[in-house]
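Report on the following structure.
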Amino acid sequence: MDRRTLLSLGALGAGTLLSSRADGAVKLFSSPLLPQERAHRPLIVLQLSGGNDGLSTVVPYAEDAYHRARPSIAHKKDKLLVLDEYRGLNGELKRLRAAFDAGRVAIVEGVGYPKPNRSHFQSLDIWHAADERGRGVGQGWIGRACAKACAGDSNPNLVVHVGANVPYSLHSLEHPAATFVNPAAYRWAGGEHETDAYAKASGAAAEGDEMAPEKPVRREGESSVEFLRRVMNDGHSSSLAVRRAAARYQTPINYPRNDALATSLRDVAALVNSEIGSRVLSLELAGFDTHTDQRNRHDNLMRQLDGALGAFLEDLGRSERGQAAIVLVFSEFGRRVAENGSRGTDHGVAAPLFVLGHRIKGGLFGKHPSFDKLDAGDLAHTTDFRSVYATLIERCFALEHEYVLGAKYALVPVA
Amino acid sequence: MPIALSIAQLAASLALAAPQSPEWTPAQAEHLLNRASFGARPAEVESAVRAGRQVLVEQLLKGFVEPAEPFFVDAPVRPDRRELEGLTEKQRRDALDRYRREERELLFAYAGWWIEQMVEAEHPLREKMVLFWHGYFTSSMRDVRNAEAMIRQNELFRRHALGNFGQLLRAVLRDPAMLEYLDNNQNRKDKPNENLARELLELFTLGLGNYTEQDIKEAARALTGWRTQAGSEALYSPRQHDNGKKTILGRTGRFNADDLVDIVLAHPACPRRVAGKLLEHFEGRAPSEERLAEYAQFLKESKYELAPFFEKLLLDERFYAPEVIGERIAGPVEYLVGSVRRLGVQVPPPLLWLAAGQLGQRLFDPPNVKGWDGGEAWISTSTLLARGNMAGMLLGVVKLEDVLKDDAFEAGDEPGMMDGGMMGDSMGPKPAAGAEKKVDLGPELSAMKRMLGTVYYPRINLTARVSRVGLSSDGEIIDFLADELLPIALTPLSRAALVEFLENERRQLDVDDGRLLGAGVKAEGVLRRLAHLILSLPEAQVS
Chain A
1 MDRRTLLSLG
11 ALGAGTLLSS
21 RADGAVKLFS
31 SPLLPQERAH
41 RPLIVLQLSG
51 GNDGLSTVVP
61 YAEDAYHRAR
71 PSIAHKKDKL
81 LVLDEYRGLN
91 GELKRLRAAF
101 DAGRVAIVEG
111 VGYPKPNRSH
121 FQSLDIWHAA
131 DERGRGVGQG
141 WIGRACAKAC
151 AGDSNPNLVV
161 HVGANVPYSL
171 HSLEHPAATF
181 VNPAAYRWAG
191 GEHETDAYAK
201 ASGAAAEGDE
211 MAPEKPVRRE
221 GESSVEFLRR
231 VMNDGHSSSL
241 AVRRAAARYQ
251 TPINYPRNDA
261 LATSLRDVAA
271 LVNSEIGSRV
281 LSLELAGFDT
291 HTDQRNRHDN
301 LMRQLDGALG
311 AFLEDLGRSE
321 RGQAAIVLVF
331 SEFGRRVAEN
341 GSRGTDHGVA
351 APLFVLGHRI
361 KGGLFGKHPS
371 FDKLDAGDLA
381 HTTDFRSVYA
391 TLIERCFALE
401 HEYVLGAKYA
411 LVPVA
Chain B
416 MPIALSIAQL
426 AASLALAAPQ
436 SPEWTPAQAE
446 HLLNRASFGA
456 RPAEVESAVR
466 AGRQVLVEQL
476 LKGFVEPAEP
486 FFVDAPVRPD
496 RRELEGLTEK
506 QRRDALDRYR
516 REERELLFAY
526 AGWWIEQMVE
536 AEHPLREKMV
546 LFWHGYFTSS
556 MRDVRNAEAM
566 IRQNELFRRH
576 ALGNFGQLLR
586 AVLRDPAMLE
596 YLDNNQNRKD
606 KPNENLAREL
616 LELFTLGLGN
626 YTEQDIKEAA
636 RALTGWRTQA
646 GSEALYSPRQ
656 HDNGKKTILG
666 RTGRFNADDL
676 VDIVLAHPAC
686 PRRVAGKLLE
696 HFEGRAPSEE
706 RLAEYAQFLK
716 ESKYELAPFF
726 EKLLLDERFY
736 APEVIGERIA
746 GPVEYLVGSV
756 RRLGVQVPPP
766 LLWLAAGQLG
776 QRLFDPPNVK
786 GWDGGEAWIS
796 TSTLLARGNM
806 AGMLLGVVKL
816 EDVLKDDAFE
826 AGDEPGMMDG
836 GMMGDSMGPK
846 PAAGAEKKVD
856 LGPELSAMKR
866 MLGTVYYPRI
876 NLTARVSRVG
886 LSSDGEIIDF
896 LADELLPIAL
906 TPLSRAALVE
916 FLENERRQLD
926 VDDGRLLGAG
936 VKAEGVLRRL
946 AHLILSLPEA
956 QVS
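If you read the protein sequences in the order shown, they are chains A and B.
Mapping of the first sequence onto the working numbering: position 201 corresponds to residue 201, and the numbering continues sequentially without gaps.
Take any residue in the second sequence, note its place counting from 1, add 415, and you have its number in the working numbering.
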């Protein structure tokens, strides 16, 4: 094996790693630069982008108004996984139904916020900032929670996004998200000397250097080059750890094949079960903006979601930390009650959201919005999404939620 | 390098007689060429300094040489329903597959031509603006599914790139790709669809807070009747137009699409939004309120003409302020095109298209109707690592399959993949615009990547470039290459890392400082790895 091949297999790390075998690598990996396991519960956030149609996800089949409003796309009771005399899960959500029966799925009905915004971007911003002012408030809600709960923790893998576009919820001055689509490609591809120089140029201390890393501190007024150097430093140190964790992960669980969401969730499980200290892991499933021909498309999305999430939940059950994890599944808004002229639905307001995990309180929470009192054709919310956030902030970050949300919200006892 | 030549000729023709204002420094000249062009080599910067700012700005607005021949469109024709009915199932599939492949090839060819325009930089500001409008009036092939419509939209942007915003907006509202992308094909008198109207007010002209939901509903009615025909033609059908009275932004009348444009252009929020977006794009930071007001007023008074706007901006002292120079983060296309130009390497344009896509900017496929966020949003740990890898690929020190192997086209960022082929192979009605139509861009891409992987070999000789200027010591080599390859000055921290690297490499080859270039082919390897590092630095990511 020549030098460059060896290097390209391996690491951005220091020279010792390259000349030693696995035990050496493990030793470097568990060096004090990387944090120890935390007692807190990992938070996994899955965003269903585009506005998931809540009425096709948790279907109020007993509601006449529902069937009247949707002559061509309503789900009939016999196709549903009936939960009670009022509602049933979309027929594709078979694994989630089983998980619901096992108490691992909480459904919170009618989630939204006052003065709903029907723009994808604005509504996402509101969910991400946990504030009607959207991005105007500064950092995302998870960024703010981390700033409180993890102050001083410079682990670049503290917050991870698996996907191409980092959601604003993770926006943080102190803890920017490590992000990648595929962990194997998450590296700077250079030889040993170049990689050392890359690390040095990023401000990291050279190997054997007694000095503390010259890691640039984020501050207001940071120049672009300083900002870039900090991200370079984070990327350098985080990529090695992430690649290792993903490559070494073994699980007997069969995730659906050729499914990007399932693949990403498997990587998330790998990180949860590793020592890299990720507290928040975020993903996205896009495609929910079903303005036309909704029925098949939404059913396909439900099938994909069910397969991937079902396998992931099972996988989480295999470890202590996995069992402690809490999964939030949300969308920026629901869709209008009445179907439109193209057998689809337009942007709406309230919708159910899901909280999953092995140590949560499963079941139904909140109240289904009334069909008699529609707000401009939309379901009005009955639970503020920040009530769910409040619960997650307390359980996952062990924080008083009002320090993050700026106000007190009634907790939804899902966990 | 046409720009080098043309700036040099320009300087020569002025016989170096132009009075040199003291504030026109090489750093400022390079800054202008970073922002209004796609970056420059030191020789070009020198010529630009000699030409003077005023002359250079005039040339940037006109273009350096006659614009290249327009791309010729001879679009594949989709087999029609009747034609397909007479075929067996397999023949039908083959016919549709062939059509889709031809469509893809056409778009790839065009994307390559477009990128070539940027690399050649014959009319660089125009091409910068085409790129800007592509992210401003977004449409995606993913949703439009018609190569000719996408190409025509791009030509529309080029035609109006530095023209008049009002005319551009008018044209966009009857652009076939846009009508499809924002669902105006479903916007009919009896069943209005608000999508185009909403984005027109929210993103294209006024911005949130300047209109009501009712304005959107009424504006949608004004837009009824315009739709796409045969994939790439715009058609107005009066029968589908709602000719009733509408009240939009406080004005009432039987408004149509053109009236709507007049109404929004006359609204005070419109010049503010357009001026603000342009300033932010070209300066890399949101303007101060005072500056925004000044430029909005100017845009309004010049009736939305863009050339005077750019003349004002590019000659504005504040455009050359220290907090502006080097502070704008380059987008992936700018980073790649700039690197290619500075390296002086020939790269197949489709390869750059693939690489930019992997870095988060896939031409003809913006992420959503808001376009690319730009600025810091381009940069994550992974995209920054990947930028360095792409630079390594351009230099031939990183294998192509290593950086393009885990392509986002095939995995990862399209979890909702469905709906079959990109061009809509189902015989049923097409889904509307939005994030939902996730389609696989197809096996041809993999094939193309494999092909490019075997074909691409960088023709570059850094050793010769360094020897020609008679440099030999580590420090000289580093400073020379950094000057050649970086859009801004090298920082001491980065320089120290490069010095250490070069020392190490030299020691390994057992040659003394000053004698590296004597190491022949091995020296070229060292210089390329050095260049790879330089292009991976923070200083390489700005413009």
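C-beta atoms are modelled at their ideal positions from N, C-alpha and C, and glycine is treated no differently.
6 angstroms CB neighbourhood of residue i in its chain, flanking five on each side removed
i: Ser-958/B; result: Asn-449, Arg-743, Ala-745, Glu-749, Pro-902
i: Phe-397/A; result: Ala-145, Ala-149
i: Arg-585/B; result: Val-676
i: Glu-394/A; result: His-401
i: Gly-54/A; result: Gly-334, Ala-351, Pro-352
i: Phe-486/B; result: Tyr-525, Trp-528
i: Asp-898/B; result: Pro-457
C-beta atoms of residue i and residue j nearer than 8 angstroms
i: Gly-112/A; j: Phe-330/A; result: no
i: Glu-698/B; j: Val-739/B; result: yes
i: Tyr-551/B; j: Gly-786/B; result: yes
i: Leu-316/A; j: Ala-269/A; result: yes
i: Leu-522/B; j: Ala-562/B; result: yes
i: His-696/B; j: Phe-547/B; result: yes
i: Gly-138/A; j: Gly-287/A; result: no
i: Trp-141/A; j: Ala-129/A; result: yes
i: Val-242/A; j: Asn-300/A; result: no
i: Ala-564/B; j: Gly-646/B; result: yes
i: Ile-794/B; j: Val-231/A; result: yes
i: Leu-471/B; j: Leu-447/B; result: yes
i: Gly-203/A; j: Arg-229/A; result: yes
i: Leu-392/A; j: Arg-104/A; result: no
i: Glu-192/A; j: Arg-944/B; result: no
i: Ala-199/A; j: His-236/A; result: yes
Nonlocal neighbours in the same chain, by C-beta distance under 7 angstroms from residue i, ignoring five residues either side
i: Asp-306/A; result: Glu-92, Leu-93, Lys-94, Arg-95, Leu-96
i: Tyr-872/B; result: Gly-811
DSSP bridge partner residues for residue i (one or two, in chain order)
i: Arg-666/B; result: Ile-663/B
i: Val-225/A; result: Note: Val-225/A sits in no beta bridge, so no partner.
i: Val-58/A; result: Leu-89/A
i: Gln-644/B; result: Glu-648/B
i: Phe-397/A; result: According to DSSP, Phe-397/A bridges with nothing at all.
i: Ala-177/A; result: In DSSP, Ala-177/A forms no bridge with anything.
i: Arg-335/A; result: His-347/A
i: Leu-48/A; result: Leu-285/A, Ser-331/A
i: Ala-106/A; result: Val-355/A, Gly-363/A
i: Ile-903/B; result: In DSSP, Ile-903/B forms no bridge with anything.
i: Thr-383/A; result: Val-111/A
i: Val-957/B; result: Ile-744/B
i: Val-280/A; result: Leu-43/A, Val-159/A
Minimum Cβ-Cβ distance from residue i to chain E less than 8 angstroms
i: Phe-180/A; result: Going by chain labels, chain E is absent from the structure shown, which instead holds the protein chains A and B.
Limits of the unbroken alpha helix (DSSP H) element including residue i
i: Gln-474/B; result: 468-477
i: Ala-99/A; result: 94-101
i: Cys-150/A; result: Premise fails: Cys-150/A is in no alpha helix (DSSP H) and is neither H nor E.
Contacts around residue i, its chain only, beta-carbon distance under 8 angstroms, and the 5 residues preceding and following it disregarded
i: Leu-900/B; result: Ser-754, Arg-757, Leu-758, Ala-946, Ile-949, Leu-950, Ala-955
i: Gly-668/B; result: Lys-660, Lys-661, Asp-674
i: Thr-393/B; result: As shown, chain B starts at 416 and ends at 958. That puts residue 393/B outside it, with no answer to give.
i: Ala-510/B; result: Pro-494, Glu-498, Leu-499, Leu-502
i: Phe-724/B; result: Ala-690, Leu-693, Tyr-710, Phe-713, Leu-714, Ser-717
i: Leu-283/A; result: Ile-44, Val-45, Leu-46, Gln-47, His-161, Val-162, Gly-163, Leu-261, Ser-264, Leu-265, Val-268
i: Ala-801/B; result: Gln-773, Leu-774, Val-818
Range covered by the beta strand (DSSP E) that runs through residue i
i: Gly-363/A; result: 363-365
i: His-161/A; result: 159-162
Give a yes or no on contact between the stretch 568-584 of chain B and the stretch 259-268 of chain A, applying the rule of three or more CB pairs nearer than 8 angstroms.
no
Check whether the stretch 709-716 of chain B and the stretch 402-415 of chain A are in contact - that is, three or more C-beta pairs closer than 8 angstroms.
no
Evaluate the contact criterion for the stretch 374-389 of chain A versus the stretch 70-79 of chain A: three or more CB pairs, one atom per stretch, below 8 angstroms.
no
So, do the stretch 763-770 of chain B and the stretch 458-469 of chain B have three or more beta carbon pairs nearer to each other than 8 angstroms?
no
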